[in-house]
Amino acid sequence: MNNNHHRHIISLLMENEAGALSRVAGLFSARAYNIESLTVAPTEDATLSRMTIVTVGSEDIIEQITKQLNKLIDVIKVMDLTEGRHIERELMLVKVKAVGAGREEMKRTADIFRGRIIDVTDSTYTIELTGTGSKLDAFLEAIDPAFIIETVRTGASGIGRGERSLKA
Amino acid sequence: MPAVQRVSGRAFLTGTGQNDYPLGFTNELISGHFMEATGAEIVVRCIAEEGVEFVFGYPGGAVLNIYDEIFKQNRFKHVLVRHEQAAVHAADAYARATGRVGVALVTSGPGVTNAVTGIATAYMDSIPIVVVTGQVPTPAIGMDAFQEVDTVGITRPCVKHNFLVKDVKDLAATMKKAFHIASTGRPGPVVVDVPKDITYHKTEFEYPASIEMRSYNPVVKGHSGQMKRAVQMLLEARRPMIYIGGGVVLGNAAAQLTELATLLGFPVTNTLMGLGGHPATDRQNLGMLGMHGTYEANMAMQHCDVLLAVGARFDDRVIGNPAHFAREQRRIIHVDIDPSSISKRVKVDVPIVGDVKSVLTDMLALLRQAKEKPDAAALNAWWTQIELWRAKNCLKYNRQSPIIKPQYVVEKLWDVTKGDAFVTSDVGQHQMWAAQYYKFDKPRRWINSGGLGTMGVGLPYAMGVQLAHPEAQVACITGESSIQMCIQELSTCKQYRIPIKIITLNNRYMGMVRQWQEFFYGSRYAESYMESLPDFVKLAESYGHIGMRIEKPEDVEAALREAFSPALKERLVFMDFQTDQTENVFPMVEGGKGLSEMILAEEL
Ligand SMILES: Cc1cc2nc3c(=O)[nH]c(=O)nc-3n(C[C@H](O)[C@H](O)[C@H](O)COP(=O)(O)OP(=O)(O)OC[C@H]3O[C@@H](n4cnc5c(N)ncnc54)[C@H](O)[C@@H]3O)c2cc1C
Ligand SMILES: Cc1ncc(C[n+]2csc(CCOP(=O)(O)OP(=O)(O)O)c2C)c(N)n1
Ligand SMILES: [Mg+2]
């Protein structure tokens, strides 16, 4: 069996019922699958929920994960986005110290990463960034960790490129 | 109360054996589809609409409205157990023995927690049951209300699906979905949690004739290209093997499987759950495989070059060591309705997702059309090898023993019941001996807990089976430890006159535990002895049954004949066989060892 672990982004559509999230989260914990992030929200059709799950595992484990997700009665469709061309975005809000010379430096770094400053005080900036998880990681690495007051990330959302789509 | 209700209710309660209760609801005033009904009425009417014969249950505050409606109807019978665990086990056994959905009803809180063992047991063996649970009223949910538990949360990991009904308008459709989900695809338990206020809210009632779910459409037909590849592979096989499991029994495909095996002339082995899926007395049948499988079955499984796995899930009690199994080159075809059973522990070459009966029927047609035949010379050589393995006679035991050998009791039971009884078992050594020595020729005759291995199922299982098949011979093979885990059900058996025969292989030990301690823990028998046992004869008598204690091998057959004689046909007989305390189950594949690395009995 294949034991190389890779990061996968799994997209799924399920009935927007109470407890839908706990069925998915429960499955991951009961079967000891990794979960890096999970996002969920209703879609344009209010009866449907769309979830994006980022997980890490070998090919065999990912195969089991998709099969087990499909087996959940409320799940309508499952797609491993990483199997094809796709777009991944995550939103991050970072509150940083912005004082003295560091204040200008922080603004420049945010600009380079196409971040937007969305809240300002005398001594802080709150920066909004979107991008792939690795771009957000890169931003955090680019600034001095001592300046970080707080970060909050949404976890990845993903969608297939071109015609590739997940429909009920 | 209208008199007719009480009369019909009593007739059953006192167990006169009368079945001639009138059809229809006594409170059914309006005919036609649309009528106002309370949630409680709806629950009861949905169960009746499903054609359910028995509801196994236990009342409590949250379900009193439902019980009141049960009281007023006579389309199904309610069986009052003595513990909710037994209600679910009995419903589960009813389903195993008939193929229909079993139904249990319990109250909120402790009723639910008591039922969980039963639900998990059914889940692990893929048994279709619907469990209706009471819940505190919706406004009280989350308030730490009296007898509140998060039923949907507690049962979620051990059900196929569960529902909390929040609006009486959804109730009928939810019940329909519950029966549909339980019985289709890979079967399993479904819980419907009904808050008490829902049971008195009213709505127009119509039971849907069918249900569509966009998120749930199990595959039935196999992929034609894959089936062609499979048939080709089978025809090319030189050392073929057919490995069948519970799916053949659950999918009612024993006839198709047997036809296929006969047509090809290939050897067949069954899992513990697949017993009866192919006749045990057929020469092509090598018996059970796995941890306590026969020498010939395990050797043939290990050394085959083409394996056809049907409705079996390569469980760790079967393939303890996948790496060891993979050392031999073989191609594997796997038929299963659940894709997640395929390539889970063992990688397969030809996966076929579909219902076993449909797939086997299609494969039979393809085989009949095929011009090639399996290589007769190769198959002969393979059978010659298998017969050499079979000649080891791995199930041999000492027949001269002055102490009763448990294997002997099971063999004699087979003789006395002409191999045609329904046999339930508990969990332990006696379960393995029952599986090895009672030769099941028909499906749904062997009722046991394989996946969860739940001690205590034997007696409630026998109740469910006997109620489903009132005329059949039903034997419960158990151990002195297991039987004590649901012993209270002797009272239920008295109330409903359930004439099962309990065969206790009493070795005064948790024999299975003792065996492991003997083999792997230097014979340090920590807490595996059973002291202070009750006098089972007196115990049975105190419940109004017949008790027998059998101490000598020469008395075994006579005792069994008496218990199964027409004179005792209506009676429950509790047989306490004093068996050899030192006997072990062989062959044995230690956990994590390869299939061909068996420990055999010393006598060999
Ligand atoms: C003490 C003890 C010892 C044990 N020792 C052994 C042993 O030596 N050997 C042994 O075999 N077992 C043994 N077991 C049992 C073991 O734990 C498993 O329960 C058993 O091996 C599983 O059987 P199975 O593979 O047939 O699968 P089951 O659990 O019966 O699963 C059935 C499979 O069939 C599929 N299926 C269901 N319906 C259909 C359908 N209509 N069409 C197609 N597929 C379908 C399901 O998806 C599933 O994959 C032991 C248990 C205990 C308690
Ligand atoms: C509920 C439960 N608890 C514990 C076990 C572990 N266990 C498996 S077999 C066994 C002993 C069974 O003893 P007995 O019923 O006397 O059967 P024997 O093995 O002696 O035939 C135990 C404790 C179990 N399977 N189920
Ligand atoms: Mg014992």
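Chain order of the listed sequences is A and B. Heads up: the first sequence begins at 146 in our numbering, then just goes up one per residue. Heads up: the second sequence begins at 15 in our numbering, then just goes up one per residue. Backbone N, C-alpha and C define an ideal beta-carbon position, used for all residues, glycine too.
Sequence-distant Cβ neighbours of Glu611/B in its own chain, meaning closer than 7 Å and more than five residues away, are Val603. A distance criterion of 7 Å places the beta-carbon of Ser495/B in contact range of ligand 2, judged by its closest non-hydrogen atom. Ligand 1 never approaches His348/B closely enough for any of its heavy atoms to be under 7 Å from the residue's Cβ.
DSSP places Met189/B inside the alpha helix (DSSP H), whose first and last residues are Leu185 to Ser197.
Using a CB distance below 9 Å, the part of the stretch 223 to 254 of chain B facing chain A consists of Met227, Arg228, Ser229 and Tyr230, ordered along the chain. With fewer than 16 other Cβ atoms from the protein chains shown falling within 10 Å of its own Cβ, Ala291/A counts as exposed. Taking a Cβ-Cβ threshold of 8 Å, the residues of chain A close to Lys358/B are Gln209, in chain order. In the three-state reduction of the DSSP assignment, Asn520/B falls in the strand class, which pools E and B. In chain order, Pro353 and Ser354 make up the part of chain B whose C-beta sits under 7 Å from the C-beta of Lys212/A. Listed along chain A are Gly164, each with a C-beta nearer than 8 Å to that of Val166/B. A contact between stretches requires three or more CB pairs, one per stretch, nearer than 8 Å, and the stretch 336 to 353 of chain B fails this requirement with the stretch 473 to 493 of chain B. Fully enclosed alpha helix (DSSP H) runs of no fewer than 4 residues occupy 443 to 451, 472 to 482 and 503 to 509 of the stretch 430 to 512 of chain B, in order along the chain.
Nearest in C-alpha terms to Val265/A, of all of Ala243/A, Arg259/A, Thr197/A and Gly276/A, is Ala243/A. Taking CB atoms only, Val220/A has a neighbour in chain B less than 8 Å away.
Gly171/A belongs to the set of residues whose beta carbon lies under 8 Å from a beta carbon in chain B. The Cβ neighbour count for Glu218/B, taken over all protein chains shown within 10 Å, is under 16; the residue is labelled exposed. For Asn335/B, the CB stays at least 7 Å from every heavy atom of ligand 3. Counted as a single uninterrupted DSSP element, the stretch harbouring Arg298/A is not any alpha helix (DSSP H) but the beta strand (DSSP E) occupying residues Ile293 to Arg298. Interface with chain A (8 Å Cβ-Cβ cutoff): His175/B is included. The criterion of a C-beta distance shorter than 8 Å is satisfied by Asp106/B and Gly132/B. Comparing C-alpha distances from Gly75/B to each of Val527/B, His175/B, Thr213/B and His97/B shows the shortest one belongs to Thr213/B. Listed along chain A are Gly171 and Ala175, each with a C-beta nearer than 8 Å to that of Pro171/B. Residues of the stretch 177 to 195 of chain B with a Cβ closer than 7 Å to any Cβ of chain A, in chain order: Ile195. With a 10 Å radius around the Cβ and a threshold of 16 neighbouring Cβ atoms, Ile257/A comes out exposed.
Remark: C-beta atoms of Pro457/B and Ala268/B approach each other more closely than 8 Å. Each residue's CA atom was taken as its position, placing Tyr523/B and Met544/B some 5 Å apart. Remark: fewer than three beta-carbon pairs, one from each stretch, lie closer than 8 Å, so the stretch 284 to 296 of chain B and the stretch 586 to 595 of chain B are not flagged as touching. Under the 8 Å criterion on CB atoms, Lys312/A is classed as non-interfacial with respect to chain B. Around the beta carbon of Pro580/B, a 10 Å sphere encloses fewer than 16 other beta carbons of the protein chains shown; the residue is thus reported as exposed.
Fewer than three Cβ pairs drawn from the stretch 526 to 541 of chain B and the stretch 555 to 568 of chain B lie within less than 8 Å of each other, which leaves the two stretches out of contact. The alpha-carbon separation between Ala165/A and Val179/B amounts to approximately 15 Å.
Judged by DSSP in its simplified three-state form, Phe68/B adopts strand. Of the heavy atoms belonging to ligand 3, none sits nearer than 7 Å to the Cβ of Tyr451/B.
Remark: the shortest separation between the CB of Arg114/B and any heavy atom of ligand 1 does not fall under 7 Å. CA-to-CA, the gap between Leu274/A and Leu236/A works out to about 6 Å.
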